[in-house]
Amino acid sequence: MPLESINDFVVRFANVNGSGSASANELFARAVLRMGVPVAPRNIFPSNIQGLPTWYEVRISEAGHLGARGGTDLMVAMNPQTWDKDVASIEPGGYLLYDSTKPLPKSRFRSDINVIGIPLTAITNSTYTDPRQRQLFKNIIYLGALSALLDLDPKVIEQLIGEQYKGKERLLSSNVHALHLGRDYTLNAIKCPIGLRVRKSDQVGDRIFIEGNSAAALGAVYGGATVCAWYPITPSSSLADAFTAHCKRLRHDPESKKAKYAIVQGEDELASIGIVIGAAWNGARAFTATSGPGISLMQEFIGLSYFAEIPAVIMDVQRAGPSTGMPTRTQQCDIISAAYASHGDTKHVLLFPEDPAEAFDMAAQAFDLADRLQTTIFLMLDLDIGMNHRLCRPLKWDDAKQYDRGKIMTAEMLESGTDFGRYLDVDGDGITYRTYPGTHPTKGSFFTRGTSRDRYARYTEDGPAYADNMQRLLRKFETAKDLVPRPLQANAGKPTKYGVIYFGSTSPAMDEAILLLEAKGHSLDRLRLRAFPFHSSVASFIADHDFVFVVEQNRDAQLRSLIVNECSIDPVRLVPILHYDGTPITARFIARAIGDHLDALKITPLRKAVS
Amino acid sequence: MTYVVKPKFHHPELPKNKLGFTHRDYEGAVSTLCAGCGHDSITASIVEACFELAIEPHRVAKVSGIGCSSKTPTYFLGNSHGFNSVHGRMPSVLTGANLANRDLIYLGVSGDGDSASIGFGQFAHCMRRGVNMVYIVENNGVYGLTKGQFSATADRGSKSKRGITNTDNAIDMVGIALQSGASFVARSFSGDKKQLTPLIKAAIEHRGAAFIDVISPCVAFNNHAGSTKSFDYVREHNEAVNFLDFITARAPIHVDYAPGTVEMVEQHDGTVLALRKLNAEYDVHDLEAAMSFLHHHAAKGQIVTGLLYVENESEDLHCHLNTVEGPLNTLSEKELCPGSAALEKINAALR
Numbered sequence: 018m019p020l021e022s023i024n025d026f027v028v029r030f031a032n033v034n035g036s037g038s039a040s041a042n043e044l045f046a047r048a049v050l051r052m053g054v055p056v057a058p059r060n061i062f063p064s065n066i067q068g069l070p071t072w073y074e075v076r077i078s079e080a081g082h083l084g085a086r087g088g089t090d091l092m093v094a095m096n097p098q099t100w101d102k103d104v105a106s107i108e109p110g111g112y113l114l115y116d117s118t119k120p121l122p123k124s125r126f127r128s129d130i131n132v133i134g135i136p137l138t139a140i141t142n143s144t145y146t147d148p149r150q151r152q153l154f155k156n157i158i159y160l161g162a163l164s165a166l167l168d169l170d171p172k173v174i175e176q177l178i179g180e181q182y183k184g185k186e187r188l189l190s191s192n193v194h195a196l197h198l199g200r201d202y203t204l205n206a207i208k209c210p211i212g213l214r215v216r217k218s219d220q221v222g223d224r225i226f227i228e229g230n231s232a233a234a235l236g237a238v239y240g241g242a243t244v245c246a247w248y249p250i251t252p253s254s255s256l257a258d259a260f261t262a263h264c265k266r267l268r269h270d271p272e273s274k275k276a277k278y279a280i281v282q283g284e285d286e287l288a289s290i291g292i293v294i295g296a297a298w299n300g301a302r303a304f305t306a307t308s309g310p311g312i313s314l315m316q317e318f319i320g321l322s323y324f325a326e327i328p329a330v331i332m333d334v335q336r337a338g339p340s341t342g343m344p345t346r347t348q349q350c351d352i353i354s355a356a357y358a359s360h361g362d363t364k365h366v367l368l369f370p371e372d373p374a375e376a377f378d379m380a381a382q383a384f385d386l387a388d389r390l391q392t393t394i395f396l397m398l399d400l401d402i403g404m405n406h407r408l409c410r411p412l413k414w415d416d417a418k419q420y421d422r423g424k425i426m427t428a429e430m431l432e433s434g435t436d437f438g439r440y441l442d443v444d445g446d447g448i449t450y451r452t453y454p455g456t457h458p459t460k461g462s463f464f465t466r467g468t469s470r471d472r473y474a475r476y477t478e479d480g481p482a483y484a485d486n487m488q489r490l491l492r493k494f495e496t497a498k499d500l501v502p503r504p505l506q507a508n509a510g511k512p513t514k515y516g517v518i519y520f521g522s523t524s525p526a527m528d529e530a531i532l533l534l535e536a537k538g539h540s541l542d543r544l545r546l547r548a549f550p551f552h553s554s555v556a557s558f559i560a561d562h563d564f565v566f567v568v569e570q571n572r573d574a575q576l577r578s579l580i581v582n583e584c585s586i587d588p589v590r591l592v593p594i595l596h597y598d599g600t601p602i603t604a605r606f607i608a609r610a611i612g613d614h615l616d617a618l619k620i621t622p623l624r625k626a627v628s
Numbered sequence: 022m023t024y025v026v027k028p029k030f031h032h033p034e035l036p037k038n039k040l041g042f043t044h045r046d047y048e049g050a051v052s053t054l055c056a057g058c059g060h061d062s063i064t065a066s067i068v069e070a071c072f073e074l075a076i077e078p079h080r081v082a083k084v085s086g087i088g089c090s091s092k093t094p095t096y097f098l099g100n101s102h103g104f105n106s107v108h109g110r111m112p113s114v115l116t117g118a119n120l121a122n123r124d125l126i127y128l129g130v131s132g133d134g135d136s137a138s139i140g141f142g143q144f145a146h147c148m149r150r151g152v153n154m155v156y157i158v159e160n161n162g163v164y165g166l167t168k169g170q171f172s173a174t175a176d177r178g179s180k181s182k183r184g185i186t187n188t189d190n191a192i193d194m195v196g197i198a199l200q201s202g203a204s205f206v207a208r209s210f211s212g213d214k215k216q217l218t219p220l221i222k223a224a225i226e227h228r229g230a231a232f233i234d235v236i237s238p239c240v241a242f243n244n245h246a247g248s249t250k251s252f253d254y255v256r257e258h259n260e261a262v263n264f265l266d267f268i269t270a271r272a273p274i275h276v277d278y279a280p281g282t283v284e285m286v287e288q289h290d291g292t293v294l295a296l297r298k299l300n301a302e303y304d305v306h307d308l309e310a311a312m313s314f315l316h317h318h319a320a321k322g323q324i325v326t327g328l329l330y331v332e333n334e335s336e337d338l339h340c341h342l343n344t345v346e347g348p349l350n351t352l353s354e355k356e357l358c359p360g361s362a363a364l365e366k367i368n369a370a371l372r
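Protein sequences, first through last, are from chains H and D.
Residue numbers for the first sequence, in the numbering used here: 18 to 628.
Residue numbers for the second sequence, in the numbering used here: 22 to 372.
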């Protein structure tokens, strides 16, 4: 039976990297979106510029499920290298769209899927002679074919092309022409539409479509970052690129045209974090964007930021480790290396955004937290959020908001005789006053160092003075618990003994998994963590449930370890649910893994049954 | 080293500069380095240079890495903020600090271990970027704090105190600075305060990356026969190409030098360097000739000192980045945050 579905299916494009398919595929996703149907696209790409296989997956979901689903209902197979694997991955009853210019033996197909052959190369070659044009327009031609097959409104695609090539009439009309070449051929040759269809809806609302890296970069602009130092590394480079682009648009003095920001591409990650720490020491808001290997390299400086108490913001777009790992695959695997970065006793604040909208908010908030807590704040993004377009609520900013620059002792305060001890805790919250260099001719200067010092910043190797400072740093970390974003709890409809903890990009898959589990009769209370250190509500949530599943995208259950360690929880109470093959976690995976555990718990123990 | 706390009082008739400060106002804590250490002489020259230039002490930011040399910022400019960062990473910290506030004077102090070994990359890259700073390497060819290992500037064939002969080639910091695009490059000797102080003054007034390699003998581990960084060796092999008289823009220029022996070099801010030529053929504006001159003399075992290269029309990183005139760290929400109306437009473009 051919699959039948309206506004709820997965289309996967198998392409060759560097063939120009990305923009055509994105056009497809945007067209569905413009028809009012939510989409969740994901780019699955190799660490390569040209030649290796790349996939673009579009999940169309009127119900608004934005996590990866798994499985493919319609495969647009444009890459001979991956043909067999691609054909095998199609759901039974699903569809295969392929280029039928060259006939393929029957053995290359499956009998339980619907095969749609369109001679894309033949159509392309009969219209275009230029090789690059042939390559590019073939992509638009298959987009035209899809519009016919899926009943996509061609006017919507034409409008999108119009927006993309505004002012470039020749490109615009030739793209529209290519679109219709594919569409007209398909309407004539194939029975359209197929079982999968896109129907106009109103489920998108005012939501926006943005990549997490771009949103986080915009958050840095809004949060007042003036210095950005970075070193290219996938998947974070597009964050620094986006910051550059946003700044060019939003941060030049209207009269002098001069830049109200400084961006430096460092020679490595050490230089990048060094520049950030130097700038923040001197009172600018500064950040770097990096990924796991960069975090490894920055360890010594992160310890300096912790101990010398210098603000810094690190945006970590996580990818699969260890070592070089899988640079273009997603994971949540830097939790421990970020939380406890550097030698000696250290702990750092982590923020876990679930999507681009939250990445924007938290990126801006990170600068307030860094200034308030005078330490490194990690914004823990990942490739899934960072490098994919995600549908999310519009970005919001309150114009009444003022930056929290933290405890800064001014020249006036010094002049009036306020006692200044750089590491003197006058308020009992573990946070001390600092001065910016150059504040006052004779008062308030101090020496910043990574070595031990007393409350007045004087070098000392005296044990009690060292311990006093280390204790104060712990008090400061306690203060942080109430400053960072709180966890969000969502309870099941009826009381349950089971809970689940999750964070970051797992969010959409988790929300959907709850529905799947409920359909199977399982209820779970949910707690989405948004920051480390953990708020007291995390320990109480665990105390309120017999078992709590901890869902995360790494092998070693890093968040679970952090909870066990920081909240002194019996590990038996926390059941790890781990996904770490580099693909984004799916609702199906979570529901199956948790469902299996819950089913096992429901089985009456053998001893009880026989007694 | 001494444990005595420096008394705050001083002689009432100590000379004052035009801001009314005495030398003492430019000093820091008492040095904890070995008695006779070359680094302390450099500290004295820095104090002298800042006093003579009448710089407000708090307008200087001192940044260093790790090592004996990196400890010295504690011993001068006690009213300046200082940052003793991590080993070999002073250049990046200084670069960041400079980006945050272009109005301060940045004084980077480092050693040969800090800048030629662990921080070799950062050294070259901050020169490349033209960070506006004075970068002083207190170069003794040896690791002092860890008791006498060779550093990367130790000459091949020189002997350590333990009698080991160095078989690795030496890195010439001046050569690297020239090649990396530093716009002010000098070499001096801690034992020659008369040469060093005006060089530091000129470097402070220079816009862009100013580098001074100061040979600074380590009395504890590198001042023996067989060392090429000992007081005796440096004195014997010092080949000074010029001598600098520093003249501020405010001071009238008295040209009372014999013709042909002095060159007036004007800096971007109007200050003038009167360069007394000791070697008539040496041209401080000719980069290629300078490099070849240095190679030639190094091969003969001579240490060329003086102002070695200066670019008249130098630029700095802020020029390259086209940043606003004022310090970035003083910009407020109003100047930095585009606000909700702009965000609404951005949202609209993302639908």
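Just so it is clear, CB atoms sit at the ideal spot from N, CA and C, and this is done for glycine as well.
- Residues of chain H whose Cβ lies closer than 7 Å to the Cβ of D/Q323 do not exist; the shortest such Cβ separation is about 33 Å.
- For D/Y47, same chain residues with a beta-carbon under 7 Å away, outside a window of 5 residues either side, are V68, C71, F72, P78, F97, L98 in chain order.
- Taking every protein chain shown into account, the CB of H/S128 has fewer than 16 other CB atoms within 10 angstroms, so this residue is exposed.
- Assignment of beta strand (DSSP E) within the stretch 269 to 312 of chain H, counting only whole runs of 3 or more residues, yields 279 to 282, 303 to 307 in chain order.
- Residues of chain D whose Cβ lies closer than 8 Å to the Cβ of H/G455 are, in chain order, H79, R80, A82, H102, N122, D124, L125.
- Look at H/T141 here: in three-state DSSP terms it is helix.
- Among the residues facing chain D, H/I174 is not included, as its CB has no counterpart in that chain under 9 Å away.
- In the three-state scheme derived from DSSP, where H, G and I count as helix and E and B as strand, D/Q170 is classed as strand.
- Taking all protein chains in view, the Cβ of H/R389 is crowded by 16 or more other Cβ atoms within 10 Å, so the residue is classified as buried.
- Collapsing the DSSP output to three states places H/R407 in a strand.
- Between the stretch 164 to 171 of chain D and the stretch 244 to 257 of chain D there are fewer than three inter-stretch CB-CB distances shorter than 8 Å, so the stretches are not counted as touching.
- Between H/S218 and H/D378, the alpha-carbon positions lie close to 29 Å from each other.
- H/T141 is a Cβ neighbour of H/K155, given a cutoff of 9 Å.
- Residue burial is scored here from C-beta neighbours: H/Q488 has fewer than 16 other C-beta atoms within 10 angstroms and is therefore classed as exposed.
- Inclusion of D/H227 and D/V331 in the CB contact set at 9 Å is warranted, their separation being smaller than that value.
- Among the residues of chain D, those whose CB is under 7 Å from the CB of H/R466 are N105, following chain order.
- Under the Cβ criterion of 9 Å, H/S313 is not counted among the residues facing chain D.
- Within chain D, not a single residue places a beta-carbon under 9 Å from that of H/S255; the smallest gap is close to 15 Å.
- Looking at H/W247, H/A233, H/S164, H/D170, the one whose alpha-carbon comes closest to that of H/I207 is H/S164.
- Runs of the alpha helix (DSSP H) lying entirely within the stretch 60 to 93 of chain D and spanning at least 4 residues, in chain order: 89 to 92.
- At least 9 Å separates the CB of H/A46 from every CB of chain D.
- Judged by DSSP secondary structure, H/Q348 falls outside any alpha helix (DSSP H); it is assigned neither H nor E.
- Just measuring C-alpha positions, the residue of H/R472, H/G510, H/P63, H/F549 sitting nearest H/E495 is H/F549.
- By the Cβ-count criterion, D/H32 is exposed, with fewer than 16 other Cβ atoms from all chains shown falling within 10 Å of its own Cβ.
- If you ignore the 5 residues before and after H/Y597, its C-beta comes within less than 8 Å of the C-beta of A337, Q348, C350, Q570, N571, R572, all in its own chain and listed in chain order.
- Setting aside the 5 residues that flank it on each side, H/I158 is surrounded in the same chain by L137, I140, T141, A195, L198, G199, each with a C-beta closer than 7 Å to its C-beta; the list follows chain order.
- Contact check for H/L398 against H/L256 passes: the beta carbons are separated by less than 9 Å.
- Taking the Cβ atoms as the reference, H/I290 lies roughly 17 Å from H/A233, outside the contact range of under 8 Å.
- Contact annotation: the stretch 108 to 119 of chain D touches the stretch 279 to 295 of chain H, with at least three C-beta pairs closer than 8 Å.
- If you compare the alpha carbons of H/A246, H/T600, H/G179 with that of H/G283, the shortest gap goes to H/A246.
- The CB of D/L371 comes closer than 7 Å to the CB of I225, F226, I227 in chain H, given here in chain order.
- Taking 8 Å as the upper bound for CB-CB distance, H/G236 and D/C358 are not in contact here, some 11 Å apart.
- Restricting attention to D/G86, D/K29, D/K27, D/T95, the CA atom closest to the CA of H/Y476 is found in D/T95.
- Counting other Cβ atoms within 10 Å of its Cβ, H/E326 reaches 16 or more and is therefore classed as buried.
- Between H/A526 and H/G229, the C-beta gap is not smaller than 9 Å, which leaves the two residues out of contact.
- Scanning its chain for C-beta atoms nearer than 7 Å, with the 5 sequence neighbours on each side dropped, one finds around H/P344 the residues S64, T251, R336, in chain order.
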